[in-house]
Structure formats: structure tokens, C-alpha cells
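A short write-up of the structure that comes next.
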Ligand code: GDP
Ligand code: MG
């Protein structure tokens, strides 16, 4: 293959600006996918992605395009997710490319993630090809948006294609721009192999399937390869590309993006960002890897059936292969037994992981309320990192607590500035700055505790701006806060998995709302159950769950045995998502009740 005819690019955009739709059109127009096989968002291969209409995992496909110059080009298109939780996936795919198609919605203009993604692309030295999408919409203002891109980002938009990814209008111009603007890969095909691992999945028959971008040299079937980070060696049994179905080839050439399988059974051997080389003719230096992402949010995951603990461990190990940002370690809870403390990039990430574990690995799980990492400075001068509120030491030993703050940039139309400021205030935000984007929109800058952002900030922001605000944030620093641990007691018993860390000023209000919520969520039992919230051993809120007036089974006394059985089965069904904690049955929702703010 002629290396000068290869183009590797990603599509980047704010969520919903039309990345996946554009990818669909490109696949269709290059006849990569036959029309009858076409489904919307074809690259979103996880069921979850389709249902939620969002892209979570990156995906790479090879397609061929005969350009107007008469030459045939080979494109490798890598689709990327848009949500702030998945920035990590985006930066990984960008490292495998030379260019990025920047999609901007002609009716919405630049949004927070448009900028965040542009910065990532610039960090990776990519050529950016701006494209204005959705010009079929009556509210589209392509000329205004072009100007906005030139002013805010400083990209020349004179030749930016004005397209409708939905109808296919002018999409061909995008392909021509890619040929013209995105540089061909520059690696040396005769140098020793250097291939960047940017993703992997586990296949139960073939072991780990490794996705790579060949930066130098080539990989072919039969090669003995070595992972440069841990020296593990394997023989390549299969390799190829996806289009998006798997296509087997004899080799992957310099500049190509594809996959190989080498009967790798130990999932720990493959890590994203690693460099693969030839065992017999190794490269001297590895490629620069990826920045390691630190989880922002932690929660406990426990199997509802304790016997499934090992299944959960295996599932987490396999999922981690496909999701390098996932972290976990074993933990035990007095209330919930054996489980794992897992770290996530954000709440959406946490949700997605939990759902993938349940669907793809057939597990039933209890997740505890998410928590950020607190820094606990002790009176003896040491510092403990606390990712589980239950582990906070007794108050006498604590000198002070610090919590992570983020620097948040919120793009908002002028008429909602007041509402957003009020929201930020309620979330303990510290106002920093405000600047104009254009006559109609501003960017507000705040410092806000991450603990407030991860709960319901995003939803609240959307609802108080009718969906017109967009948010981007990065971790800034730890600051001292007046925080206390709040414990929840059921029937006089402290339930460690329900403990949370709250700001002292909000403790009473939160204590009240949580106890009321728990009362709603926990089913009545044979006896009355007091529900209490306590700070430093002092009860600050209390309600009671009344006892059942009658034993449901009593009705069946002497009666129809099958009806009794049915009742018992029904109860069992309802118990699927329950965990018996001491004498009380607690449903999954109760563990999330501590998040309720109202
Ligand atoms: P992504 O989040 O960037 O991947 O966005 P999607 O491709 O999933 O598109 C988000 C929504 O915008 C979907 O409902 C698409 O049908 C719609 N959409 C995408 N492109 C166009 C377009 O050119 N015109 C119109 N009217 N809608 C579009
Ligand atoms: Mg998408």
C-alpha cells in the first residue's frame, strides 16, 4: 500500500453535534457499508450506546475513497465519544491520527466540549478540518458559526464544508478536505516495528484482540512481537482491519490502524498506551504513552448474591481491558459483605460500567453512593486519602479535611446567566470570571467542589437553562472545607455503606431529606424501623418505617398452597435487588437516596 494515500482521522464535536451521523454518511458514501446493512450510528456497537444515543467506546474503521483527483485513498476513521467523562477515550484515539474533523452544529455554534476537543487535538499536533453541520435546520446560521470558529478558536473557515450529515448534502466535500488537509502518515516502513496500542477487547476464543496504530515498520502474521512496557512476547496469529466488520489481512503496514490477535490469555499483559515491537528486531525507544487518568469518583460495587464475588472480579478484570480508566480494589463492608471499591472518571462513566457489568457479564449488583477523594490531614501531621466515607477516622484525630475543586467553564446564553450564577452559588461555587463569546453568549468561570459537580450539577444546569448551557471542567486543587461525616442508622444499627461526607452547613437539610427518602424506599417489615442520621454520634434527623399491619402470609393460612408459593416467589423477585443488612432488607435505590438533594 502506498503510504502517501493513507489518511488517519477522528471526528470530534460537542455531544449531539452530529459526529456519529457524519460517520454513518461517510461509511455509506464510500460503499464501506451496503445500504441494506446500514443502521443509524453504526459505529456505536455497544447496545448501551445505541439505547442512549451516545458514543462511549472509540471505534476504528478502514474505508476506501476515490477522490476527485482520480486516486484511491485509504481512510482510517476513528469515532470518539463526546461526553466530558470520556475525554480519555478521545485523547487516545487522537494519538492514533494525523487529523481531526471538527463538527460544529450550525444552529448551536461552539460549545464547551467543542473547545475541549479542539485543545486535545492541538495537543496531539493534529490538522483540524472544520465542518459546519445541520445546515438543513431552519435555525441554522452557518455564516455566524463560521465567524465564531474563526474568532474563538482561530481556525480558518473559508473552505469549511457546510453540510447536512442527515441528508448527505456536501458530505463529499468533507472527504475532499480530508484528502487535501490531513497529512499522510510519516513513519518509516523499514524501521523496526513501533505500534501504539490504543484499545483492546477480550474474545473468549482468541484471547485479547489488540487495536494498534502502526507508527513505524509493519506487523505480519507469524511475527514474534513484544510489549515494550513489560517485555511480554507473543506470536501474531491474525491481524487485519475493521470496515466495520472484521477483515483479516496478512499484515498491517506502516501508517495503518487495525487489530491483531496473538492468543493472549492474560489480560494484564496488554495495556493501553503501550508500544508493540518485534521481538527479534526491537525498536530502541517506546512511543510516548498516554497520560494516566485518575478516577474522580468512587463507589462500592457488591454482588447482590455474595456467591458471585469471584464472577464480579473476573468481569471487572475483563472490562478494564476495554476501559483502561476503570480502577478497582477489593473492599469489605459490614453491611454489604465482600465487594470492590471502583474508581470512575465521572458519574456517567460509573453508570455505564455498572450497566455493562450487569448486561455483558450477567451480574446483579448493589452500588453504593459515589464519593470523591477527600484529603484528611491528621493531628499527627500525616495525610490519608479517603475514597470511602466509612473510612474517615474519628473526629478527634482529624486536624482538617480538604476536598477537590474543579475549574468549571460554563457557556451560557445571556438570559440564563442569573440562573446559572444562582445554581453555582447553591453548589458552593466561587465566582472567578466571565467573558463574552459573542453578543448573545458568555462563558462563566467558577471554582466548584467536585463533590457537588458529580451529583446533580449537570442535570440542574440543563434544566435551569432549558438545555442551552454547556459545561467543561478540569480538576484544579484541593481546598479546606468544613466537612463532616454523616452516618445512617437503621433499627439502631450503623450501615457503613450509607455513610456520606457533607458540608456542615448542609448536614441538617441532607439528614432530613435522606431519612425521609429512605422511609419511602425501604419496604415495611414485621416491625417498626427507626431511620436516623447522625453526625459525630449525635442524631440530627429521625423518621420511622411503620411495621406491616398484617402478615401477608397469614391470609393464606389453611388456604391454597399454590397461592402461598406464588406470594413467596413474588417476594423473592422483589428481593433481587435487595440486600439483607442485619435485620433489614434494603433495596438498591436506598443506597442512592443519600444523593437526593431535595
Ligand atoms: P454525536 O453525539 O455528535 O454523535 O451526534 P449524533 O450523530 O448522534 O447526532 C445527534 C442528533 O442530531 C441526532 O438526532 C441526529 O439525527 C441529528 N443530526 C445529525 N446531523 C444532522 C443534520 O445534518 N441535520 C439535522 N437536522 N439533524 C442532524
Ligand atoms: Mg455519537
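Numbering (my numbering), first residue to last: -19 to 578.
Even for Gly, the Cβ is constructed at its ideal location relative to N, Cα and C.
Which of helix, strand or coil does DSSP assign to residue 94? helix
Answer yes if the region 466 to 480 comes into contact with the region 355 to 367, meaning at least three C-beta pairs across the two stretches below 8 angstroms, and no otherwise. no
How big is the Cα-Cα spacing for residue 337 and residue 253? 24 angstroms
Starting from residue 363, trace the beta strand (DSSP E) in both directions and tell me its first and last residue. 363 to 366
May I ask you to report which of helix, strand or coil DSSP gives residue 16? With a pLDDT of 49 at residue 16, under the threshold of 50, the predicted position of this residue should be treated as unreliable, though the coordinate-derived value follows. The answer is helix: DSSP assigns residue 16 an H, G or I state.
Span separating the alpha-carbon of residue 489 from that of residue 392: 30 angstroms
CA-CA distance, residue 441 and residue 447? 8 angstroms
Under the DSSP definition of a beta bridge, which residues are partnered with residue 215? 204
Tell me whether residue 0 counts as near the ligand GDP, meaning its Cβ is closer than 7 angstroms to at least one heavy atom of that ligand. yes
Strictly by DSSP, which residues pair up with residue 255? 176
Beta carbon of residue 280, beta carbon of residue 368: below 8 angstroms? yes
At a threshold of 7 angstroms, does residue 442 count as lining the ligand GDP (C-beta to nearest heavy atom)? no
Is residue 101 close to the ligand GDP? I mean its beta-carbon at under 7 angstroms from any heavy atom of the ligand. no
Entirely within the region 325 to 358 and at least 3 residues each: give me those beta strand (DSSP E) ranges in chain order. 345 to 347 and 354 to 358
Looking at residue 259: is its Cβ nearer than 8 angstroms to the Cβ of residue 346? no
Quick check: does the Cβ of residue 146 come within less than 7 angstroms of any heavy atom belonging to the ligand GDP? yes
So what does residue 467 bridge to, in DSSP terms? 514
Please classify residue 50 as buried or exposed, where buried requires at least 16 other C-beta atoms within 10 Å of its C-beta. exposed
Residue range of the beta strand (DSSP E) that includes residue 226: 226 to 229
Out of curiosity, what's the CA-to-CA distance linking residue 278 and residue 568? 17 angstroms
Mark residue -6 as exposed unless 16 or more other C-beta atoms lie within 10 angstroms of its C-beta, in which case mark it buried. buried
Any chance the CB of residue 150 is under 7 angstroms from a heavy atom of the ligand GDP? no
Alpha carbon to alpha carbon, what distance is there between residue 343 and residue 373? 33 angstroms
Could you check which residue in 166, 435, 103 and 53 has the C-alpha nearest to that of residue 197? 166
If you count every other CB in all the chains shown that lies within 10 Å of the CB of residue 453, and 16 or more means buried, which is it? buried
Boundaries (first-last residue) of the beta strand (DSSP E) holding residue 410: 410 to 416
Buried/exposed call for residue 210, threshold 16 Cβ in 10 Å: exposed
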